[in-house]
Each structure stands twice: as structure tokens, then as C-alpha cells.
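Asks: Chains as they are written, first to last, in our numbering: chain A, 31 to 110; chain B, 60 to 261. Every residue, glycine too, gets a C-beta built ideally from N, C-alpha and C. Sending over a structure as C-alpha cells; questions will come in a sec.
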Amino acid sequence: MKQLVETVCKSLVDNPDQVQVTQIDGEQTTILELRVASSDLGKVIGKQGRTARAIRTILAASGMKHRRRYNLEIIENHDQ
Amino acid sequence: MKKKEFSDISLKDAILKAAEEFNTDEEKIRYEIITEKTRYFGHRQREIFINAWPYDGSEEEELKSFLKEIIDQMQLDLDFEIEDKKGFLRVNFRGDDYKLLLYQNGNLLNAIQYLLNRLFSDTVGKKIFCECENFRKNRERELTNLSHHYAKEVQKKGKPLSLKELNPFERRIVHITINKYSDLESKSMGDSFLKVITIKRK
Numbered sequence: 031m032k033q034l035v036e037t038v039c040k041s042l043v044d045n046p047d048q049v050q051v052t053q054i055d056g057e058q059t060t061i062l063e064l065r066v067a068s069s070d071l072g073k074v075i076g077k078q079g080r081t082a083r084a085i086r087t088i089l090a091a092s093g094m095k096h097r098r099r100y101n102l103e104i105i106e107n108h109d110q
Numbered sequence: 060m061k062k063k064e065f066s067d068i069s070l071k072d073a074i075l076k077a078a079e080e081f082n083t084d085e086e087k088i089r090y091e092i093i094t095e096k097t098r099y100f101g102h103r104q105r106e107i108f109i110n111a112w113p114y115d116g117s118e119e120e121e122l123k124s125f126l127k128e129i130i131d132q133m134q135l136d137l138d139f140e141i142e143d144k145k146g147f148l149r150v151n152f153r154g155d156d157y158k159l160l161l162y163q164n165g166n167l168l169n170a171i172q173y174l175l176n177r178l179f180s181d182t183v184g185k186k187i188f189c190e191c192e193n194f195r196k197n198r199e200r201e202l203t204n205l206s207h208h209y210a211k212e213v214q215k216k217g218k219p220l221s222l223k224e225l226n227p228f229e230r231r232i233v234h235i236t237i238n239k240y241s242d243l244e245s246k247s248m249g250d251s252f253l254k255v256i257t258i259k260r261k
């Protein structure tokens with residue numbers, strides 16, 4: 031799943047090498063933390079969050095098949 | 060993708076110019092029109108500006124491999140084929156997991172379609188439509204029937220009725236159907252992506 035988010039986001043952004051995904055496994059849910067360059071933040075979120083929602087839908091669908099919840103968190107870097 | 064600007068008196072001439080520049084046939088040139096204007100220097104002369112780029116099908120391959128990769132990583136049993144239609148590309152999905160694609164009014168299908176359009180519609184130069192098990196056609200029929208049913212109800216009782224939240228494509232179908240009734244009108248309410256349509260008497 032981590033790879034899935036990485037492939038999708040890398041194709042969306044201008045700086046693919048700055049895409050970072052960390053996976054935190056829980057009992058039933060997996061949290062995926064996505065970090066991108068601050069200039070690319072808008073690209074992974076999209077107009078009114080459409081792109082982010084599309085990625086979450088894709089995660090939810092594959093989660094449904096494997097009985098697991100996936101939570102995508104997009105993390106902003108404040109120090110930049 | 061290298062785009063270049065060309066201008067000439069007619070669209071055909073401009074495409075020919077582009078084909079010469081890129082060393083290909085004119086059929087392999089994809090273009091978008093920037094502006095078209097008429098000049099009045101002594102005599103009338105039209106000029107058209109286009110953005111043109113060569114297209115050789117490699118973008119379609121890119122799309123294919125991207126889609127294959129994400130389906131693989133989602134670990135779903137899905138297969139797809141791409142048809143090149145006039146004006147759009149159609150991606151037809153099939154496989155054991157088609158129900159997941161259509162779950163919640165084609166939520167996943169729409170998500171994939173949106174992502175593909177964002178990534179590839181510029182380079183391919185066409186819109187991309189995703190289809191699975193005639194879902195779009197059936198949905199259209201279902202919505203037309205539903206809005207006819209609602210329209211009759213409103214005509215009978217005079218009270219306005221609202222449909223469920225619909226996306227723009229679906230709302231369009233409802234509006235078209237309601238427009239056929241001369242005494243009814245339909246309005247979209249809300250300001251998010253999904254809106255509620257209310258049908259009422261004029």
C-alpha cells in the first residue's frame with residue numbers, strides 16, 4: 031500500500047524525489063503519512079481536495095478487499 | 060512533451076507547418092487552438108494560432124503501464140483494455156473485482172478516471188473515460204427513469220422533491236430530463252462537488 035501511494039504521488043508532483051511515505055501499522059488500521067515538497071502540496075490535494083479524495087478512495091477500495099482500514103495523512107512541513 | 064506554437068491562415072496550413080517541423084505525418088500531430096483572429100490590414104485575412112506536438116502512441120503505453128502498476132499494487136483482480144475513440148480514450152475494466160469499482164455509485168471508477176485525466180489527458184490530448192460492465196449507460200437510464208418518476212410525483216402533489224447527492228455528470232442527466240417538462244424546474248443546491256437537485260413547479 032505504501033508503494034501504491036508512492037507511485038501515484040510521484041507521478042503527480044514536480045519533485046518526485048521528495049515524496050516520502052511512512053507506514054504505521056495498527057491492529058486494524060494502517061496510517062500512511064505522506065510528505066511532499068511544500069510547493070507540491072497543492073498537487074497532491076487538488077481542487078477542493080479532489081485528488082486527495084481520489085487517493086483515499088483507491089486506498090479504501092483495496093482495504094475493503096483485504097479487510098483493513100487505510101488512513102492517509104498528508105503532512106505539512108512547518109519549518110520550511 | 061514538446062509543445063510549439065504555430066500560426067497560419069488556416070488550421071490545416073498550421074498543422075502542415077507543425078508536421079514539417081516535427082518531421083512526421085500530419086495525422087500524428089495533436090494540437091490545441093490558442094486563438095483565432097481576423098486581421099484588417101488593407102484586406103481581410105484570418106490568422107490562427109495553435110499549440111502543436113507530435114503524438115506517436117507512446118503516451119498511451121505510459122498510461123497502460125501506470126494503470127497496470129496501480130492495479131497490481133492494489134492487489135485487485137482487474138483487467139482492462141483501452142479503445143481509441145474519436146475525441147476520447149475509453150478504458151474498459153473487467154475482472155472479478157468489478158464490484159469494488161462500482162461500489163457506492165462507481166466511487167472507485169470515478170476516482171481512477173479523475174486521476175488518469177489529471178495525469179494523462181494533457182499528453183494524450185484527449186479525455187479519458189472509464190467504463191465497467193456498462194455502468195455509465197445503466198446509471199444514465201436509472202437516473203432518467205428516477206427523474207421521470209420524481210417529475211410525475213411533483214406534478215401530482217405540487218410539493219418540491221429532492222434527489223440524493225449527485226456528481227456533475229449525473230446532475231446533467233437529471234437537468235436534461237426535467238427540462239422536457241414545461242411546468243417544472245430543477246435547481247442544484249449546495250456548493251461542494253456533490254450537490255442536491257430539487258425539482259419543483261415553476
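Anything in chain A within Cβ reach of Asp84/B, meaning under 8 Å, just list it in chain order.
Replies: The contacting residues do not exist; Asp84/B stays about 30 Å from chain A at best.
Asks: Quick check: Glu80/B and Phe65/B, are their CB atoms within less than 9 Å of each other?
Replies: Yes, they are a contact pair.
Asks: Just to make sure I have the definition right: I need the residues of chain A whose C-beta is within less than 8 Å of the C-beta of Glu119/B. Which are they?
Replies: Per Cβ cutoff of 8 Å: no residues; Glu119/B is ~15 Å from chain A at best.
Asks: Buried or exposed for Asn166/B, going by 16 or more other Cβ atoms inside 10 Å?
Replies: It is buried - the Cβ of Asn166/B has at least 16 other Cβ atoms within 10 Å.
Asks: Which residues in chain A sit within 7 Å of Ala73/B, going by Cβ to Cβ distance?
Replies: Here the premise fails: no neighbours, minimum Cβ distance about 31 Å.
Asks: Would you mind listing the beta strand (DSSP E) stretches within the segment 102 to 139 of chain B that are 3+ residues and don't spill past its ends, in chain order?
Replies: Counting whole runs of 3 or more residues, the segment 102 to 139 of chain B contains the beta strand (DSSP E) stretches 102 to 113.
Asks: Give the list of continuous beta strand (DSSP E) stretches no shorter than 3 residues that lie fully inside the segment 43 to 67 of chain A.
Replies: Counting whole runs of 3 or more residues, the segment 43 to 67 of chain A contains the beta strand (DSSP E) stretches 50 to 55 and 59 to 65.
Asks: Tell me, please, which residues DSSP counts as bridged to Phe65/B.
Replies: According to DSSP, Phe65/B bridges with Ile109/B.
Asks: Starting from Lys196/B, trace the alpha helix (DSSP H) in both directions and tell me its first and last residue.
Replies: Counting along the chain, the alpha helix (DSSP H) containing Lys196/B begins and ends at Phe194 to Lys216.
Asks: If Ser41/A and Phe125/B are in contact, beta carbons under 8 Å, what's the gap, nearest whole angstrom?
Replies: That pair is a contact at about 6 Å.
Asks: Within 10 angstroms of its Cβ, does Phe179/B collect 16 or more other Cβ (buried), or is it exposed?
Replies: Burial call: buried.
Asks: Inspect the beta-carbon positions of Gln132/B and His96/A and report whether they are closer than 9 Å.
Replies: No.
Asks: For the alpha helix (DSSP H) containing Asn176/B, name the first residue and the last one.
Replies: Element bounds for Asn176/B: Tyr157 to Val183.
Asks: Using the beta-carbon of each residue, which ones in chain A are nearer than 9 Å to Met133/B?
Replies: Within 9 Å Cβ-Cβ: Met31, Leu34, Ile88, Leu89, Ala91, Ser92 and Lys95.
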